[in-house]
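What follows is one structure encoded as structure tokens, with my remarks underneath.
Numbering (the numbering used here), first residue to last: 230 to 673.
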């Protein structure tokens with residue numbers, strides 16, 4: 230890969246010092262950030278490619294630590310339902326009806342949306358069948374991230390949507406061997422038991438043992454999302470959700486729990502002691518009526534919190550901008566206007582997300598030696614602040630997908646001038662409609 234130079238009006242690094250460069254260009258060599266070059270010292274003839282965007286702001290690519298690519302096709306088809314009914318009457322039947330073609334189109338739609346809105350790294354929860362399709366599409370898109378077969382070996386909500394414990398374990402062992410650290414290291418495996426109510430104790434524990442055999446892999450599941458879910462866990466096990474996980478020795482710093490809306494103080498202590506990561510999904514928690522997670526309390530305890538859009542049917546939008554804005558605003562009436570500052574939210578969406586995935590040596594900030602996972606934003610719009618001093622407020626509270634102009638992953642452009650370099654918009658919409666229609670017929 231040739232040496233490249235990006236000239237931007239401002240570079241927001243998200244490093245430890247929260248450095249912001251002006252009048253400085255970024256040099257990229259073999260897909261990695263290699264130097265910061267003051268404008269006065271730029272020698273364009275030294276670069277095979279010079280991208281001159283002096284009116285744009287360069288930031289790290291966003292990191293989302295909980296998404297469902299397999300659900301993008303179902304956007305708008307699971308409205309006004311609480312979590313367990315949402316799963317029982319909509320999502321499980323839809324996922325159960327996937328074939329390889331419909332799953333592929335769902336992944337394409339999701340990846341296209343994520344890239345166009347500046348997300349360059351994800352932690353995806355796959356679905357029960359055809360997980361190889363998800364990995365294939367992630368590779369084609371060139372996104373960085375984790376995924377893994379969604380594991381279900383008991384299912385009172387939809388008994389036909391499950392597999393045997395032995396088959397689940399056998400399948401994931403083969404998948405992790407095939408895909409962990411694939412695509413030049415961009416793709417990694419996240420073992421994904423769905424949630425407590427859909428997994429036997431054996432599946433939960435045996436899966437955690439397998440994680441230990443594959444360094445850099447993750448344990449990714451849902452927890453404490455909905456009050457009825459929590460009550461059912463309490464009824465079955467006489468423990469709270471996170472207490473139950475802890476009793477099975479599932480929690481450590483390679484465990485990511487999505488949601489954690491309803492937790493007691495003992496569970497917060499457990500999260501802290503085990504350095505377990507929380508993936509906060511404010512839009513989905515609001516739309517399903519699940520509640521507002523006590524994120525400021527987690528942060529005060531030093532618990533890792535990062536952001537995710539969850540799935541399109543419980544959010545209807547995969548943009549990180551929605552999650553950033555809501556993650557801050559929903560807490561302020563509860564904890565006060567000073568909590569969840571724009572800077573803190575920006576870091577949650579970049580470097581803190583990378584840390585949650587143990588990828589902070591590779592991505593999440595703009596620093597020499599890291600991969601060139603970058604986003605160029607146009608903040609010079611009538612909808613953005615005309616005072617350019619507080620760039621974090623401008624990004625978190627005033628921006629959206631329309632501000633994203635260019636997206637790079639590992640030195641390769643995925644979006645240029647707001648146009649995907651991977652997907653044809655008309656094609657994925659047309660093919661998506663066809664596959665959705667066929668899927669709905671399979672359910673009937």
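Using N, Cα and C, we set each Cβ at its ideal position, and we do this for glycine too.
Suppose the cutoff is 7 Å on Cβ atoms and the five residues either side in sequence are ignored; what does the same chain contact list for residue i look like?
| i | result |
| --- | --- |
| residue 373 | 349, 350, 415, 592, 602, 638 |
| residue 493 | 469 |
| residue 408 | 364, 416, 418 |
| residue 522 | 488, 489, 490, 509, 514 |
| residue 453 | 459, 470, 471, 488, 489, 490, 491, 492 |
| residue 531 | 501 |
| residue 630 | 345, 346, 548, 550 |
| residue 615 | none |
| residue 574 | 553, 556, 557, 625 |
Let's see if you can read the secondary structure: which residues bound the alpha helix (DSSP H) around residue i?
| i | result |
| --- | --- |
| residue 456 | 456-466 |
| residue 562 | 561-564 |
| residue 479 | No alpha helix (DSSP H) holds residue 479; DSSP gives it neither H nor E. |
| residue 576 | 571-577 |
| residue 582 | 580-585 |
Using a Cβ-Cβ cut-off of 8 Å (strictly less than) and excluding sequence neighbours within five positions of residue i, which residues of its own chain qualify?
| i | result |
| --- | --- |
| residue 405 | 377, 418, 420, 439, 443, 446 |
| residue 582 | 291, 292, 293, 294, 350, 535, 536, 593 |
| residue 315 | 307, 517, 542, 543 |
| residue 249 | 239, 240, 241, 242, 620 |
| residue 539 | 295, 296, 297, 487, 510, 512, 513 |
| residue 282 | 235, 236, 237, 238, 605, 634, 635 |
| residue 359 | 327, 328, 329, 332 |
Suppose the cutoff is 6 Å on Cβ atoms and the five residues either side in sequence are ignored; what does the same chain contact list for residue i look like?
| i | result |
| --- | --- |
| residue 251 | 239 |
| residue 647 | 634 |
| residue 257 | 233, 601, 640 |
| residue 660 | 334 |
| residue 569 | 557, 560 |
| residue 412 | 368 |
| residue 343 | 547 |
Would you kindly report the start and end of the unbroken beta strand (DSSP E) that includes residue i?
| i | result |
| --- | --- |
| residue 637 | 633-638 |
| residue 487 | 484-488 |
| residue 666 | It is not in any beta strand (DSSP E) - residue 666 instead sits in the alpha helix (DSSP H) that spans 654-672. |
| residue 359 | From DSSP, residue 359 is part of no beta strand (DSSP E); its letter is neither H nor E. |
| residue 258 | 253-258 |
| residue 626 | Segment 620-627 is the alpha helix (DSSP H) holding residue 626; no beta strand (DSSP E) there. |
| residue 237 | 233-241 |
| residue 284 | 278-289 |
Using only CA atoms, which one of the options lies nearest to residue i?
| i | options | result |
| --- | --- | --- |
| residue 673 | 306, 277, 322, 243 | 322 |
| residue 236 | 660, 287, 454, 431 | 287 |
| residue 441 | 471, 482, 413 | 482 |
| residue 545 | 384, 296, 606, 249 | 296 |
| residue 567 | 583, 589, 575, 525 | 525 |
| residue 486 | 476, 463, 510 | 510 |
| residue 645 | 280, 540, 585 | 280 |
| residue 366 | 671, 670, 657 | 657 |
| residue 621 | 231, 362, 243, 234 | 243 |
| residue 398 | 503, 428, 272 | 428 |
| residue 626 | 649, 450, 558 | 558 |
| residue 354 | 379, 547, 387, 437 | 379 |
| residue 642 | 311, 604, 565 | 604 |
| residue 276 | 393, 283, 595, 266 | 266 |
| residue 671 | 538, 324, 270 | 324 |
| residue 410 | 451, 246, 368 | 368 |
| residue 313 | 437, 606, 588, 386 | 386 |
| residue 274 | 310, 289, 245, 231 | 231 |
| residue 520 | 423, 457, 375 | 457 |
| residue 391 | 478, 422, 268 | 422 |
| residue 451 | 430, 396, 474 | 474 |
| residue 245 | 590, 632, 476 | 590 |
| residue 623 | 572, 529, 496 | 572 |
Would you say residue i lies against chain D (beta-carbon separation less than 7 Å)?
| i | result |
| --- | --- |
| residue 609 | Absent here is chain D; the protein component of the structure consists of one chain. |
Margin query: Across the segment 656-667 and the segment 317-335, are there enough close Cβ pairs to call them in contact, namely three or more that are closer than 8 Å?
Written below: yes
Note to self: So, does the segment 595-614 touch the segment 302-318, judging by three or more C-beta pairs under 8 Å?
What the structure shows: no
Item checked: Touch test, the segment 567-578 against the segment 253-264, Cβ-Cβ under 8 Å, three pairs minimum -> Result no; under three Cβ-Cβ pairs closer than 8 Å.
Margin query: List, from N- to C-terminal side, the alpha helix (DSSP H) runs of 4 residues or more that fit wholly inside the segment 297-356.
Written below: 312-315, 321-325, 329-345
Item checked: Complete runs of the alpha helix (DSSP H) confined to the segment 382-464 [at least 4 residues] -> Listed in chain order, the alpha helix (DSSP H) elements of length 4 or more contained wholly in the segment 382-464 are 394-408, 430-440.
Note to self: Suppose only complete runs of 4+ residues qualify. What are the alpha helix (DSSP H) ranges in the segment 483-561, listed by chain order?
What the structure shows: 494-503, 511-516, 524-529, 549-558
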